[in-house]
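Note sheet for the following structure.
Number of protein chains: 4
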Amino acid sequence: MENTPLGKNEWLIPDAFYPETDNGIYVSHEAVCVLNTGDVDADIDFTLYFENAEPMTGYTAKCPARRTHHIRMDRLVSNDGKTIPRGVPYAMLVKSSVPVVVQYSRCDTTQRELAFMGLIAY
Amino acid sequence: MENTPLGKNEWLIPDAFYPETDNGIYVSHEAVCVLNTGDVDADIDFTLYFENAEPMTGYTAKCPARRTHHIRMDRLVSNDGKTIPRGVPYAMLVKSSVPVVVQYSRCDTTQRELAFMGLIAY
Amino acid sequence: MENTPLGKNEWLIPDAFYPETDNGIYVSHEAVCVLNTGDVDADIDFTLYFENAEPMTGYTAKCPARRTHHIRMDRLVSNDGKTIPRGVPYAMLVKSSVPVVVQYSRCDTTQRELAFMGLIAY
Amino acid sequence: MENTPLGKNEWLIPDAFYPETDNGIYVSHEAVCVLNTGDVDADIDFTLYFENAEPMTGYTAKCPARRTHHIRMDRLVSNDGKTIPRGVPYAMLVKSSVPVVVQYSRCDTTQRELAFMGLIAY
Numbered sequence: 040m041e042n043t044p045l046g047k048n049e050w051l052i053p054d055a056f057y058p059e060t061d062n063g064i065y066v067s068h069e070a071v072c073v074l075n076t077g078d079v080d081a082d083i084d085f086t087l088y089f090e091n092a093e094p095m096t097g098y099t100a101k102c103p104a105r106r107t108h109h110i111r112m113d114r115l116v117s118n119d120g121k122t123i124p125r126g127v128p129y130a131m132l133v134k135s136s137v138p139v140v141v142q143y144s145r146c147d148t149t150q151r152e153l154a155f156m157g158l159i160a161y
Numbered sequence: 040m041e042n043t044p045l046g047k048n049e050w051l052i053p054d055a056f057y058p059e060t061d062n063g064i065y066v067s068h069e070a071v072c073v074l075n076t077g078d079v080d081a082d083i084d085f086t087l088y089f090e091n092a093e094p095m096t097g098y099t100a101k102c103p104a105r106r107t108h109h110i111r112m113d114r115l116v117s118n119d120g121k122t123i124p125r126g127v128p129y130a131m132l133v134k135s136s137v138p139v140v141v142q143y144s145r146c147d148t149t150q151r152e153l154a155f156m157g158l159i160a161y
Numbered sequence: 040m041e042n043t044p045l046g047k048n049e050w051l052i053p054d055a056f057y058p059e060t061d062n063g064i065y066v067s068h069e070a071v072c073v074l075n076t077g078d079v080d081a082d083i084d085f086t087l088y089f090e091n092a093e094p095m096t097g098y099t100a101k102c103p104a105r106r107t108h109h110i111r112m113d114r115l116v117s118n119d120g121k122t123i124p125r126g127v128p129y130a131m132l133v134k135s136s137v138p139v140v141v142q143y144s145r146c147d148t149t150q151r152e153l154a155f156m157g158l159i160a161y
Numbered sequence: 040m041e042n043t044p045l046g047k048n049e050w051l052i053p054d055a056f057y058p059e060t061d062n063g064i065y066v067s068h069e070a071v072c073v074l075n076t077g078d079v080d081a082d083i084d085f086t087l088y089f090e091n092a093e094p095m096t097g098y099t100a101k102c103p104a105r106r107t108h109h110i111r112m113d114r115l116v117s118n119d120g121k122t123i124p125r126g127v128p129y130a131m132l133v134k135s136s137v138p139v140v141v142q143y144s145r146c147d148t149t150q151r152e153l154a155f156m157g158l159i160a161y
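Chains as they are written, first to last, in this note's numbering: chain A, 40 to 161; chain B, 40 to 161; chain C, 40 to 161; chain D, 40 to 161.
This is the structure we're talking about:
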């Protein structure tokens with residue numbers, strides 16, 4: 040144990056959205072980017088919140104020790120085979136078994152050219 | 040009461056702006072995205088600040104327990120029927136009856152292609 | 040004294056840049072957006088930091104009580120008549136006489152379409 | 040010693056990416072923008088984290104007293120001559136010998152027009 044696990048265990052992202060349309064070199068996508076500076080692997084657990092339905096759970100990922108994992112939300116599949124719905128506003132609680140740092144980034148190519156959103160989660 | 044209401048009760052957004060022009064698939068708009076992870080519904084109250092006039096109040100919204108609400112500012116109507124003025128710089132204080140997390144996002148299509156601004160409020 | 044002055048007195052913005060080129064409906068510009076929720080006017084003082092020269096001072100602005108001021112950096116003039124240089128990387132310390140909240144926003148139209156950067160200062 | 044060194048010594052950036060393609064007036068690039076408000080020069084040390092390899096060290100830079108340094112990641116060379124790989128997701132820990140403030144900014148011109156990402160590191 041030589042490397043300190045920097046950050047915290049819970050991160051919140053109120054504005055998530057997976058656009059329905061792609062256009063150009065980049066595919067429209069969102070990423071939850073996790074940085075694990077410590078020496079213990081991180082088990083990541085997502086709770087998805089919606090406007091008109093109960094939260095969904097069962098979406099998980101890993102970020103190994105001393106690694107980053109740029110988790111593409113469009114490729115995330117829940118334990119029972121569900122993907123993230125496109126074109127629906129949602130929000131996320133990201134829980135990690137060890138302290139990590141989480142950034143949310145969105146890349147939208149709906150209107151042909153590229154638009155970015157990037158922020159450190161709360 | 041099983042789910043912790045994460046976040047805080049007051050959030051500030053200094054740079055709000057509802058553009059006057061739309062162009063393309065997306066309509067220019069701002070959203071105040073609220074995430075309520077707790078088991079009690081949130082009553083949301085907006086105070087709008089301007090450059091040359093007293094603050095405006097009377098704009099309200101709800102974010103139910105375990106839900107997100109992506110509040111479109113262009114659709115917000117005050118108790119006495121006022122909408123948000125377009126093309127005028129303003130700022131916001133967002134007050135919630137229970138702890139929530141607030142993100143501000145702007146989508147501008149004035150110059151045909153898409154431009155994003157997204158940030159966790161202070 | 041009824042309204043609490045929310046925020047703090049010092050804010051830092053490491054990446055400031057006033058582009059040299061405009062294109063389209065919007066003019067390329069930066070804004071330091073101040074929100075003063077309290078009942079006392081705020082005197083704002085800018086210190087500009089550069090890569091190869093001592094800091095510049097003497098740039099001031101006001102944000103009245105219960106107002107926002109979206110300070111356009113391209114229109115800011117120092118006490119001795121200096122404007123902000125275009126095309127040069129710089130950074131800012133924003134000091135206020137009372138607690139305020141500060142957001143930095145950049146709008147770049149160099150390559151014809153609009154690009155945004157927006158963040159709460161540190 | 041008259042000027043307070045504002046900020047902190049460690050900053051984290053989970054989502055870094057140096058695009059493979061340029062297009063237009065701007066070159067696609069990332070910058071780690073450091074602001075040193077104090078009277079002692081800052082020695083900056085980067086640790087780069089990847090998805091499938093051990094962290095890389097040996098990338099260093101300086102930010103002199105009372106200066107800003109907008110460190111272009113595409114020009115950063117490690118002590119043993121390595122540059123930052125293009126087109127690969129990575130993350131960064133930025134360590135400074137004195138307190139500083141760090142902002143991460145990305146400018147992407149892959150799809151001809153400009154897209155910005157800007158945030159205060161964690």
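Note that beta-carbon positions come from the ideal geometry of N, C-alpha and C, so glycine has one too.
Report the neighbours of residue i on chain B: residues whose CB is nearer than 7 Å to its CB, in chain order.
i	result
Gly77/C	In chain order: nothing, as chain B lies at least about 11 Å away.
Count the other C-beta atoms from every protein chain shown that fall within 10 angstroms of the C-beta of residue i, then say buried if there are 16 or more, exposed otherwise.
i	result
Asn75/C	buried
Thr107/D	buried
Val116/C	exposed
Gly124/A	Before going further, note that residue 124/A is Pro rather than Gly in the sequence given. When all chains shown are included, Pro124/A counts as exposed.
Ala92/B	exposed
I'd like to know whether the C-beta atoms of residue i and residue j end up nearer to each other than 8 Å.
i	j	result
Leu45/A	Tyr161/A	no
Asp54/A	Ser144/B	yes
Pro94/B	His109/C	no
Gly77/C	Ala104/C	yes
Arg111/B	Ala154/B	no
Asp84/A	Lys121/A	no
Cys72/A	Ala130/D	yes
Pro58/A	Gly126/A	yes
Val79/D	Val137/D	yes
Asp82/D	Gly97/D	no
Glu49/D	Leu132/D	yes
When DSSP builds the beta bridges, which residues end up paired with residue i?
i	result
Val116/A	None, per the DSSP bridge assignment.
Thr96/A	Note: Thr96/A sits in no beta bridge, so no partner.
Thr86/B	Leu132/B
Gly157/C	Ser144/C
Ile110/B	Val71/B
Val139/D	Lys47/D
Ile123/A	DSSP lists no partner for Ile123/A.
Ala55/C	Tyr129/C
Ala81/A	Cys102/A
What residues from chain A crowd round residue i, counting only those whose CB sits closer than 7 Å?
i	result
Glu69/D	Those within 7 Å of Glu69/D in chain A number zero; the least Cβ separation is about 11 Å.
Just to make sure I have the definition right: I need the residues of chain D whose C-beta is within less than 8 Å of the C-beta of residue i. Which are they?
i	result
Leu51/C	Leu45, Gly46, Leu74, Thr76, Val140
Phe155/A	Arg145, Asp147, Ala154, Phe155, Met156
Sorry if obvious, but does the Cβ on residue i come closer than 7 Å to a heavy atom of the ligand ATP?
i	result
Asp80/D	Among the components of this structure there are no ligands whatsoever, and the ligand ATP is therefore not found.
Residues of chain B with a CB under 9 Å from the CB of residue i: which are they?
i	result
Asp84/A	In chain order: nothing, as chain B lies at least about 14 Å away.
Can you pull the chain C residues whose beta carbon is under 9 Å from the beta carbon of residue i, in chain order?
i	result
Tyr88/B	Leu74, Asn75, Thr76, Arg105, Arg106, Thr107
Could you name the residues of chain D that residue i contacts, counting a contact when the two beta carbons are closer than 7 Å?
i	result
Tyr57/C	Correct list: empty, because the minimum Cβ distance to chain D is about 13 Å.
Strictly below 9 Å CB to CB, what residues from chain A border residue i?
i	result
Asp80/D	Near Asp80/D there are no residues of chain A at all, since even the closest Cβ is about 24 Å away, more than 9 Å.
- [ ] Determine which residues of the stretch 93 to 126 of chain A have a Cβ less than 8 Å from any Cβ of chain D, and write them out in chain order.
- [x] Arg105, Arg106, Thr107, His108, His109
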